[in-house]
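In the working numbering, the protein residues as written are 7 to 421. Virtual Cβ for every residue (Gly too), placed ideally from N, Cα, C.
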């Protein structure tokens, strides 16, 4: 039986499954590692406030949702920041050990690694180092890895050494961040051969579907760089002028008779513009390739309006979510009970909403095409399992919903 998500219009009081998902300006990113130091630590009481929000201070919790321990680490984050030196998972480590790894995450990603509970607990990069120390052998020195940098911030990575052909392999792998795609990575990192070459190099890591990559995966990059060339030869001195007696008298340049200018070409007939709803790709599509779970207008006490304001599509976390039509992004970010959501205003004046996402690929103000990927599905906010909650509205906010299936079917979408 398909999983059916339920949505409540109040802030979650239990585990916030958006833990350790980093966003900036609505786009999923991962910040580069920075230097360690006590000035970046948080107090133990602050971490206890974060844990109270994330897990009700249950430092041994494992609910089976992919996040573990009192501070709700994902397994990839626990591994990337050295947690496996203490225990295989965060819920198997002590409170002190979890705080020690959290300090590394705070230094590397900042308080937005806990986007809701970190802010509520007053978590910042400043503060005194916690007095408690993990009861474990001395950890090995942290190995820096190259991660996707925020706009305007360069990733701290060793420079690539160019080869004779101009193609170099970076000494550190690229770590996939939320919202990444192979095409975006190839363009930003100047990968020779584009995303196809990047996929071929990392096929064993990515798998059979090049459109499905996950945060924490490590990709080998072969970037194009300018090979060192030979030094330019010294400029030769200009030849000395001949004595006046040996120079030939100047001759008149040969001029051709004026020719008739070519006749101007007739102006090309411009094609008529498509109607407003056809701007972009000229087509509409379903938001995900999946069947329907909870239908529109289903009654129930789980919703503040008394009924389900959209349609649920039960899909695994990480499934590509597409814009149903051409339009402009009105908002992209955290939205309380809806978790991470995107709202798009379409060319016909209607609005579409995509909720409980795990990653965002667009930002506010961005123009999108029909069928363009805008994010990935998840289970953030008030949700009982991975799925996409989709609405069509007459306005950008809650309470202006219309039948989403009727809207899409009226535009030729077979759903």
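Please name the residue, chosen from the options, that lies closest to residue i on a Cα-to-Cα basis.
i, options, result
"residue 362", "377, 394, 401 and 409", "394"
"residue 422", "374, 341 and 312", "The requested residue 422 is not part of the displayed model; the chain covers only 7 to 421."
"residue 194", "128, 180 and 314", "180"
"residue 187", "76, 219, 110 and 401", "219"
"residue 105", "115, 53, 58 and 81", "53"
"residue 298", "319, 290, 289 and 312", "319"
"residue 4", "364, 397 and 399", "The chain is shown from 7 up to 421; residue 4 falls before or after that span and cannot be answered."
"residue 376", "418, 56, 62 and 84", "418"
"residue 338", "126, 70 and 185", "185"
"residue 344", "368, 367, 397 and 85", "397"
"residue 117", "129, 107 and 108", "129"
"residue 317", "399, 410 and 107", "410"
"residue 324", "292, 126, 221 and 196", "221"
"residue 64", "101, 83, 82 and 47", "101"
"residue 321", "127, 300, 126 and 331", "300"
"residue 360", "370, 346 and 47", "346"
"residue 369", "336, 196 and 399", "336"
"residue 47", "121, 115, 196 and 68", "115"
"residue 82", "223, 67 and 127", "223"
"residue 350", "304, 73 and 293", "293"
"residue 126", "55, 331 and 192", "55"
Could you check the C-alpha separation between residue i and residue j for me, to the nearest Å?
i, j, result
"residue 333", "residue 379", "13 angstroms"
"residue 340", "residue 113", "22 angstroms"
"residue 415", "residue 306", "26 angstroms"
"residue 225", "residue 190", "13 angstroms"
"residue 312", "residue 302", "12 angstroms"
"residue 289", "residue 183", "30 angstroms"
"residue 49", "residue 201", "44 angstroms"
"residue 123", "residue 199", "42 angstroms"
"residue 95", "residue 89", "7 angstroms"
"residue 71", "residue 61", "12 angstroms"
"residue 86", "residue 208", "19 angstroms"
"residue 107", "residue 84", "7 angstroms"
"residue 329", "residue 211", "28 angstroms"
"residue 342", "residue 366", "16 angstroms"
"residue 412", "residue 291", "13 angstroms"
"residue 93", "residue 372", "43 angstroms"
"residue 348", "residue 381", "8 angstroms"
"residue 10", "residue 67", "Because the pLDDT at residue 10 is just 37, under 50, the model does not fix this residue reliably, and the value given afterwards should be weighed accordingly. Using only the alpha carbons, I get a separation of about 24 angstroms."
"residue 228", "residue 58", "44 angstroms"
"residue 399", "residue 103", "47 angstroms"
"residue 204", "residue 73", "30 angstroms"
"residue 91", "residue 98", "12 angstroms"
"residue 304", "residue 121", "31 angstroms"
"residue 119", "residue 197", "29 angstroms"
"residue 385", "residue 192", "28 angstroms"
Taking DSSP's pairing of strands, which residues face residue i in a bridge?
i, result
"residue 348", "338 and 360"
"residue 328", "379"
"residue 313", "305"
"residue 408", "398"
"residue 56", "Partner(s): none; residue 56 has no beta bridge."
"residue 188", "Residue 188 is not bridged to any residue."
"residue 373", "334"
"residue 79", "74"
"residue 393", "384"
"residue 365", "382"
"residue 208", "Per DSSP, none; premise fails for residue 208."
"residue 97", "Partner(s): none; residue 97 has no beta bridge."
Is residue i buried or exposed, if buried means 16 or more other CB atoms sit within 10 Å of its CB?
i, result
"residue 110", "buried"
"residue 295", "exposed"
"residue 357", "buried"
"residue 51", "exposed"
"residue 314", "buried"
"residue 407", "buried"
"residue 206", "exposed"
"residue 420", "exposed"
"residue 352", "buried"
"residue 355", "exposed"
"residue 251", "Residue placement at residue 251 is flagged as unreliable, the pLDDT there being 49, under the threshold of 50; the coordinate-derived value follows with that caveat. By the 10 Å Cβ count, residue 251 comes out exposed."
"residue 331", "buried"
**Asked** Is there contact between the region 399–408 and the region 381–389, where contact requires at least three CB pairs shorter than 8 angstroms?
**Response** The region 399–408 vs the region 381–389: no contact.
Are the region 68–78 and the region 204–218 touching, with three or more C-beta to C-beta distances below 8 angstroms?
No: the two stretches stay apart, fewer than three of their Cβ pairs being nearer than 8 angstroms.
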